[in-house]
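Worksheet: the structure to be examined is printed underneath.
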Amino acid sequence: MSESQAVSDFALEKTLKEQREYLPVFAVRQKMLNVIRDNSVVIIVGETGSGKTTQLAQYLLEEGYGNAGMIGCTQPRRVAAMSVAKRVSEEMGVELGQECGYAIRFEDCTSENTRLKYMTDGRTFPVEIFHARTPMEDYVDTAVKQAVKVHLGGTEGDILIFMPGQEDIEVTCALIKSQLEELDEAPPLAVLPIYSQLPSDLQAKIFQKAPGGIRKCIVATNIAETSLTVDGILFVIDPGYCKLKVFNPRIGMDALQVCFD
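Take 1 as the starting number for the sequence shown in UniProt numbering and just add one per residue.
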């Protein structure tokens, strides 16, 4: 142990086994395992330091859940995945990277013997990101040009465009339609807006499959980033602007303002 590492009196006085049994989660160990055994999905909620991350995965391993495959535990940060895996491997009495290991971006500390793996969630699919090389004078016009370029490129897949608000969404939809109408033999494109004031029957269209395999171009506010799941999206065009509620001291109240996200 390095001099920079601090160790509490509790950790010095108790064995690792005693420290594990002192955690609140140990008191409900068997109850949790019974619930997990009887249900396909279980949500466990506990306070910080209760032992959810370090102990629950070990309980499952001890009950034989790791015999048929690996037990995975995701962590929000790289340092969390590394430190938790190190702690759990010590509690298990194994070398880090063997029965217990971790995987983060650019680093995989696991082996063929690993049965308990802590990791950052990362991405389960590849994403290619292209940035504009120069600042955009008109983000609506730039987004429209990019959408038309993607559509005429021929690669299959629906398009999602983010816009700050209803006015920009309606203008974007109108410009895309007008530009395609000016082109000879442009492939059909279903341009669909989505914002809170739109009638529910029109909002539902974004979830429906376009007839005849026509490509969809959905123009939405940033609600589509987290609150909506739309199948078939392959291209995302994001100008980087959104509407935020900002306090305006001149009028003494909050107001929506277009900001760079």
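Backbone N, C-alpha and C define an ideal beta-carbon position, used for all residues, glycine too.
- Looking at Met82, Thr114, Gly97 and Glu112, the one whose alpha-carbon comes closest to that of Arg105 is Met82.
- Counting of Cβ neighbours within 10 angstroms places Cys242 among the buried residues, the total reaching 16 or more.
- A straight-line Cα-Cα distance of about 48 Å links Asp138 and Thr53.
- The UniProt domain "Helicase ATP-binding" (33-123) is shown to contain whole alpha helix (DSSP H) runs of 4 or more residues at 52-62 and 78-92, in chain order.
- Using a Cβ-Cβ distance cut-off of 8 Å, the region 55-63 and the region 107-119 are in contact, since at least three pairs of beta carbons, one from each stretch, lie closer than that value.
- In this structure, the CA atom of Ala85 is about 14 Å from the CA atom of Met70.
- Rounded to whole angstroms, the Cβ separation of Lys216 and Asp158 is 4 Å, and the two are in contact under 8 Å.
- Taking Tyr195 as the centre and dropping the five residues before and after it, the same chain places the C-beta of Gln166, Ile169 and Thr221 closer than 6 Å to its C-beta, in chain order.
- For Gln146, there is no enclosing beta strand (DSSP E); the enclosing alpha helix (DSSP H) has its first and last residue at Tyr139 to Gly153.
- Take Leu180, set aside five residues on each side of it, and the residues of its chain with a beta-carbon closer than 8 Å to its own are Val148, His151, Ala186 and Leu189, in chain order.
- In this structure, DSSP gives Gln208 a state outside helix and strand, which the three-state scheme calls coil.
- A Cβ-Cβ contact shorter than 8 Å links Thr172 with Val144.
- At least 8 Å separates the beta-carbon of Val219 from that of Ile129.
- Where Arg20 is concerned, the enclosing alpha helix (DSSP H) starts and stops at Leu16 to Tyr22.
- Looking from the CA of Val127, the closest CA among Gly97, Val42, Gln257 and Phe235 belongs to Phe235.
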